[in-house]
Structure formats: structure tokens, C-alpha cells
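Have a look at the structure below before the remarks.
In the numbering used here, the protein residues as written are 1 to 157.
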């Protein structure tokens, strides 16, 4: 008795859902088919349901993923046209010009990058070239100060 009541409740729920979607009433055979499908789904394991979803996605060319809502601006109201720029945390130190003290610049590059003598010389000779990538702002400014102290021209990007 309890199981029949549960089945009829499932049929009613299925009927209501289908009526909302289609906008019309269904015949009794269509309702019982929907109820049977729902009953089978209720008895499936999670893995079987995942396989079913994949099969439906492939068959009908749809995706079951929920659309992701854009995060609300929590930092206060920005005026239209005013874009809030994220603070940059990843910097690149570029040697623009060597200057007159090429040997001192090569020595400083060696201490900063831990490159060998030949690699450091090649880096200095190939100016403008990147000295160090993916460093924080404080470290990039420290490298710039060291290289400018020996006569080089340095840019932080």
C-alpha cells in the first residue's frame, strides 16, 4: 500500500513537471511512462547516472553543466567605463642598456641570476634582454637598484 502511494506521488510529480514544460495535459500512458523512467532513475547508482548523463549529452548535443554566474563587484560601486585594474604581482626585470661598466654589470648579473660567466656575458651582450622573470615587486625593485648602481639601465615590466 505504501509503495503504491509512493508510485502515484511520483506520477503526479512527473505529470506536473511535464505539464509545466509542455504547457498541456498528458494522457495516462504518457504519465505512466514518465513515472517508470523516474523509478528506474531512482534505482540507479551514481556511476550509472553519470554514464546516463554523458550518453544524453552525446545523443542530443547538450551540456548538463550549470551556467556560472558572474561574481558581484564587492569592492564598491564603480562608475561605468571605470575598470578596476588588478594589482600586478608577477614582474619581469629587463636589462635595457649596459652602460660604461660592462664588467661590473656582468658580475652583478652573475650574483642575481646564479648564471655562469659566459651566460652572464651573453645576457649583457644581448641587451635588451630579460634578467629575471616571475618575481615579486620588492625583488624586482631590488634587482633594478643593484644594476643601476653599477651603471646599467633597467626596466621593470
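Every residue, glycine too, gets a C-beta built ideally from N, C-alpha and C.
For residue 5, which residues in the same chain have their Cβ closer than 6 Å to its Cβ, ignoring the five residues on either side in sequence? With a pLDDT of only 48 at residue 5, under the threshold of 50, the placement of this residue in the model should not be trusted; the figure read from the coordinates follows. Result list for residue 5: empty, nothing under 6 Å.
Would you mind giving the Cβ-Cβ distance between residue 93 and residue 135, rounded to the nearest angstrom? I have them listed as a contact below 8 Å. Sure, about 7 Å apart at Cβ, within 8 Å.
Residue 141 versus 129, 112, 46 and 122, residue with shortest Cα-Cα distance: Of the candidates 129, 112, 46 and 122, the one whose C-alpha sits nearest the C-alpha of residue 141 is 112.
Residue from 119, 133, 126 and 105 with nearest C-alpha to residue 150: It is 105.
Given a threshold of 16 other Cβ atoms within 10 Å of its Cβ, counted over all protein chains shown, does residue 120 qualify as buried or as exposed? Counting C-beta atoms within 10 angstroms of its own C-beta, residue 120 has 16 or more neighbours from the protein chains shown and is therefore classed as buried.
How big is the Cα-Cα spacing for residue 127 and residue 59? So the alpha carbons of these two residues sit roughly 58 Å apart.
Would you tell me roughly how many angstroms separate the C-alpha atoms of residue 146 and residue 96, rounded to the nearest one? The straight-line gap separating the alpha-carbon atoms of residue 146 and residue 96 is approximately 14 Å.
DSSP bridge partner residues for residue 220 (one or two, in chain order): Examination of residue 220 is not possible in this model, given that the chain is present from 1 through 157 alone.
Locate the alpha helix (DSSP H) running through residue 98, then write down its first and last residues. For residue 98, there is no enclosing alpha helix (DSSP H), as DSSP gives it neither H nor E.
Cα-Cα separation between residue 199 and residue 56, rounded to whole angstroms: Residue 199 cannot be examined here, being either before or after the span of the chain that is shown, 1 to 157.
What first and last residue would you give for the beta strand (DSSP E) that runs through residue 153? Residue 153 -> beta strand (DSSP E) spans 153 to 156.
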